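Its first residue numbered 486, the sequence shown is counted upward by one per residue in our numbering.
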Amino acid sequence: MSEKLLNEVLGELRAFKSEFREFKSEMLDFKTEMLDFKFEMQDFKLDTEIRLERTESKIDRLERKLDATFEQVVRNTEHDSKWNEIAVSVEEQQTDIKILKKLAAGG
């Protein structure tokens with residue numbers, strides 16, 4: 486091989502080596518970007534899971550409060566019913582007392 490041809494081949498090899506290094510550097514940059522993206526997604530997933538747990542906890546508390554409210558409504562309804570029965574009974578007893586007073590006064 487002539488020296489000129491050898492120099493051309495060496496030049497091409499150097500250019501190829503340089504391009505390969507540049508390509509390798511670009512691939513490392515790409516890999517770094519992908520790792521950064523992966524970490525961002527893991528952070529996002531963790532944040533989402535934390536928010537989901539908080540939301541579930543809030544829903545659980547609301548359900549307990551709602552259950553307690555329904556139970557209180559049932560108790561209040563029962564008390565209202567009992568008070569209405571007592572009121573009717575008192576009215577009946579007052580009527581009976583009036584009748585007895587009239588009978589006692591007239592009798």
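Every residue, glycine too, gets a C-beta built ideally from N, C-alpha and C.
Keep in mind it's a predicted model, so treat the numbers as computed, not measured.
Between which two residues does the alpha helix (DSSP H) holding residue i run?
| i | result |
| --- | --- |
| S503 | E488 to G591 |
Quick one: does residue i have its CB under 7 Å from some CB of chain E?
| i | result |
| --- | --- |
| E511 | You won't find chain E in this structure, because it holds only one protein chain. |
Look at the alpha carbon of residue i and the alpha carbon of residue j, and state the distance between them as a whole number of angstroms.
| i | j | result |
| --- | --- | --- |
| A553 | I535 | 27 Å |
| E507 | D514 | 10 Å |
| L495 | S487 | 12 Å |
| V558 | S566 | 12 Å |
| N546 | D581 | Residue 546 is actually Arg in this sequence, not Asn. Straight-line Cα distance between these residues: approximately 52 Å. |
| N569 | E556 | 20 Å |
| K502 | T517 | 22 Å |
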